[in-house]
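Data first, discussion second: the structure below is written as structure tokens.
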């Protein structure tokens with residue numbers, strides 16, 4: 579069930595289906611981002627996703643999902659294939675640059691729903707790619 583929940587989360591991401599992503603989340607949810615403050619709750623996460631969809635177009639490929647036997651922890655490793663659409667404040671200017679970035683996510687789950695996702699990627703690698 580843990581792997582299926584994580585796979586559903588990322589499948590919804592790839593479809594751009596925010597409602598389906600939110601369905602995989604527990605009411606007690608925290609989003610720990612690679613850079614910046616933790617977002618608490620589904621509403622804060624939805625606002626973040628809306629911003630990301632305006633600023634970036636991304637598809638995740640080469641997905642591998644792992645989970646523990648208890649069904650309470652999981653992880654995923656994947657490649658982000660993206661286009662930088664709109665300048666994000668504090669980052670380089672967007673000009674439709676393409677990027678390919680290894681990334682991962684780490685999860686806690688309760689009652690079959692995601693309570694925490696921690697996202698990891700190398701921001702300096704991304705900046706180098708979009709600045710080239």
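In our numbering, the protein residues as written are 579 to 710.
All residues carry an ideal CB built from backbone N, CA and C; glycine is no exception.
Where does residue i sit, in a helix, a strand or coil, going by DSSP?
{"i": "residue 669", "result": "coil"}
{"i": "residue 710", "result": "coil"}
{"i": "residue 659", "result": "strand"}
{"i": "residue 703", "result": "helix"}
{"i": "residue 664", "result": "coil"}
{"i": "residue 606", "result": "strand"}
{"i": "residue 648", "result": "coil"}
Under the assumption that residue i contacts residue j (Cβ atoms under 8 Å), give the Cβ distance between them as a whole number of angstroms.
{"i": "residue 660", "j": "residue 580", "result": "The pair is not a contact, with the Cβ atoms about 27 Å apart (cut-off 8 Å)."}
{"i": "residue 648", "j": "residue 683", "result": "With 8 Å as the limit, residue 648 and residue 683 do not qualify as a contact, their Cβ atoms being about 18 Å apart."}
{"i": "residue 681", "j": "residue 699", "result": "4 Å"}
{"i": "residue 643", "j": "residue 585", "result": "6 Å"}
On the DSSP letters alone, give me the boundaries of the alpha helix (DSSP H) that residue i sits inside.
{"i": "residue 600", "result": "596–601"}
{"i": "residue 580", "result": "580–593"}
{"i": "residue 625", "result": "620–633"}
Between the Cα of residue i and those of the options, spot the shortest distance and give me the residue it belongs to.
{"i": "residue 624", "options": "704, 666, 601, 685", "result": "601"}
{"i": "residue 702", "options": "670, 590, 640, 638", "result": "670"}
{"i": "residue 589", "options": "705, 604, 640", "result": "640"}
{"i": "residue 678", "options": "626, 668, 637, 664", "result": "637"}
{"i": "residue 604", "options": "690, 596, 657, 634", "result": "690"}
{"i": "residue 592", "options": "685, 658, 616", "result": "658"}
{"i": "residue 635", "options": "595, 686, 582", "result": "595"}
{"i": "residue 710", "options": "668, 620, 675", "result": "675"}
{"i": "residue 664", "options": "705, 631, 618", "result": "631"}
{"i": "residue 583", "options": "708, 613, 686", "result": "686"}
With residue i as the anchor, note down where its beta strand (DSSP E) starts and where it stops.
{"i": "residue 611", "result": "Unbroken run through residue 611: none, as it is neither H nor E."}
{"i": "residue 686", "result": "676–688"}
Contact between the stretch 601–613 and the stretch 690–702 (3+ Cβ pairs under 8 Å): yes
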